[in-house]
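**Q**
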Amino acid sequence: MDIAARFGKNIARCRRHAGFSQEELSIRASLHRTEVSQLERGLRLARIDTLIKLTGALGVSADALLDGIDWRPGSATLGEFNVASAGEETG
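Residue numbers (the numbering used here): 9 to 99.
(1) Where DSSP assigns a beta bridge to residue 19, which residues make up the other side?
(2) From what residue to what residue does the beta strand (DSSP E) around residue 44 run?
(3) Report back the beta-carbon spacing between residue 19 and residue 62 to the nearest angstrom; my notes put them in contact at under 8 Å.
(4) Which class does residue 75 belong to by DSSP, given the choice of helix, strand or coil?
(5) If you drop the 5 nearest sequence neighbours on each side, which residues of the same chain put their C-beta closer than 6 Å to that of residue 14?
(6) Among 31, 30, 38, which one has its Cα closest to the Cα of residue 64?
(7) Express the C-alpha separation of residue 80 and residue 26 in angstroms, rounding to a whole number.
(8) Considering residue 34, what are the terminal residues of the alpha helix (DSSP H) in which it resides?
(9) Rounding to the nearest angstrom, what Cα-Cα distance links residue 23 and residue 29 in this structure?
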């Protein structure tokens, strides 16, 4: 699973938990409904301003939307993203 897909699953999970449709979330976050759909399907990554809009609209922390995504810095090699499978906790 890549970063966009994991982020999308997190948005969808938080949206369903809040009881919102994609349309309602898009209105609350001042985003186009197709953007919410593309984000949830992992077709695009959110900019920082979109992340902030989503957290405010969903009433969650950025941590909830970034759950399972972290950066592992490299030492003598390049760093890499670590993306946990859906439902897997990172720590």
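Where is the CB? At the ideal position from N, CA and C, for every residue including glycine.
Given the structure is predicted, the values throughout are model-derived calculations rather than measurements.
**A** Straight from the coordinates:
(1) DSSP, once it has assigned bridges, lists no residue as partnering residue 19.
(2) Looking at the DSSP string, residue 44 is not in any beta strand (DSSP E); the run it does join, the alpha helix (DSSP H), is 41-48.
(3) Their Cβ separation, rounded to whole angstroms, is 6 Å, which keeps residue 19 and residue 62 in contact under 8 Å.
(4) Here residue 75 sits in coil by DSSP.
(5) 76, 77, 91.
(6) With distances taken between Cα atoms, residue 64 lies closest to 38.
(7) Their Cα atoms are separated by approximately 31 Å.
(8) It spans 30-37 - the alpha helix (DSSP H) in which residue 34 sits, taken as one unbroken run.
(9) Roughly 7 Å separates the two Cα atoms.
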